[in-house]
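Presented below is the structure to which this report refers.
Residue numbers (our numbering): 26 to 388.
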């Protein structure tokens with residue numbers, strides 16, 4: 026069988042062999058569009074191309090440490106798998122360290138990252154202890170994937186969760202939902218994405234539907250529970266929904282912090298005899314793959330999980346190869362992906378408002 030060459034990939038992707046060489050070796054990627062880069066990567070995978078570096082990448086110093094809070098949520102599983110796809114394409118090994126949102130575990134991971142076998146670090150979330158992470162980044166190249174935050178002095182690949190929260194609110198307001206609930210696992214500054222989604226939701230209601238309300242239901246989840254209760258997000262979603270139904274019967278829509286929590290919300294609503302979306306609408310964030318399953322079809326925010334995972338490896342690779350020659354070494358690179366609302370079958374007009382309602386219904 027003929028061995029795949031760079032010329033084969035160039036022909037398949039519609040670019041020059043020189044462009045293929047630069048892209049596959051992670052050089053000067055800023056010259057190319059995201060679509061061109063993806064076309065080259067997809068062609069190389071489809072044709073089974075194996076680079077010389079991949080053939081000799083047994084060097085343990087080519088290992089990237091990926092720090093992750095959990096593997097149970099498909100969001101993180103998808104994110105990490107996309108990182109590993111890109112890492113292997115570029116000749117890197119990967120090692121995963123799972124913290125379960127434990128600060129001591131995060132500190133241990135950062136200490137481990139200082140060992141000579143690791144060439145770089147990727148946080149699959151915003152670090153809980155930014156100061157520790159920033160200090161470590163002075164000694165080893167580091168990238169964080171998560172929420173848009175201007176205070177973190179680490180290169181990031183992120184989305185704007187505040188805007189995502191406002192996007193969900195706008196959708197519900199257009200459907201006539203005046204009173205909504207926000208259901209979340211631990212809600213504090215160490216989980217910036219959760220806070221910003223809530224802030225965006227609340228601020229949009231204040232601006233566009235001042236007579237409306239956003240009621241927050243949250244439950245503290247310990248790192249011990251994160252580790253030993255595999256279905257913790259589903260359980261929290263279920264329990265808080267039952268509490269919401271008992272305490273806030275006027276609610277016509279529920280916004281879950283993520284899709285996994287939303288599945289627990291959905292189960293509770295079904296058990297309570299509620300029709301979705303006839304009685305209560307349901308929204309969430311992340312658009313993980315089970316949310317598209319028939320019978321689920323959740324209204325949720327698309328956060329480009331796969332693209333962000335691959336982009337984080339590409340950004341780290343450029344740092345490792347010193348490709349950013351024109352950028353001051355003290356500069357911070359931020360790559361932001363746009364979020365999009367995916368309208369499924371879990372949202373509909375509020376029961377007291379006509380389908381055409383485009384404004385906040387009267388009190």
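Even for Gly, the Cβ is constructed at its ideal location relative to N, Cα and C. Note that the coordinates shown come from a computational prediction; the quantities given were computed from them, not determined experimentally.
In the DSSP assignment, the residues bridged to residue 120 are 90.
Cβ-Cβ distances below 6 Å link residue 359 to 181 in the same chain, with the five nearest sequence neighbours on each side left out; the list follows chain order. DSSP places residue 343 in the uninterrupted alpha helix (DSSP H) bounded by 330-346. When beta bridges are read from the DSSP output, residue 280 appears opposite 207 and 308.
Distance between residue 317 and residue 332, taken at the CA atoms: about 18 Å.
Here residue 248 has 125, 126 and 127 as same chain residues with Cβ atoms under 6 Å from its own Cβ, once five neighbours each way along the sequence are excluded. Inter-residue distance for residue 136 and residue 178 is about 19 Å (C-alpha atoms, whole angstroms).
For residue 360, no alpha helix (DSSP H) encloses it; the enclosing beta strand (DSSP E) starts and ends at 359-362. Every unbroken stretch of the alpha helix (DSSP H) spanning 4 or more residues and falling wholly within the stretch 160-219 is given here in chain order: 186-199.
DSSP places residue 323 outside both helix and strand once states are collapsed to three, so it counts as coil. Close CB contacts of residue 311 within its chain, under the 6 Å cut and outside five residues either way in sequence, are with 100, 283, 284 and 328 (chain order). Taking the C-beta atoms as reference points, residue 204 is found nearer than 8 Å to residue 238.
Taking 8 Å as the cut-off, the beta carbon of residue 371 is found closer than this to the beta carbon of residue 302. Apart from the 5 residues on each side of it in sequence, residue 97 sits with its Cβ closer than 6 Å to the Cβ of 255 in its chain, given in chain order. Beta-bridge annotation (DSSP): residue 57 is not paired with any residue. Cβ-Cβ separation between residue 183 and residue 171: approximately 6 Å, consistent with a contact (criterion under 8 Å). The C-alpha of residue 92 is placed about 13 Å away from the C-alpha of residue 109. Distances from the CA of residue 112 to each of 272, 147 and 198 were compared; the closest alpha carbon is that of 147. For residue 238, the enclosing beta strand (DSSP E) starts and ends at 238-243. With fewer than 16 other Cβ atoms from the protein chains shown falling within 10 Å of its own Cβ, residue 71 counts as exposed.
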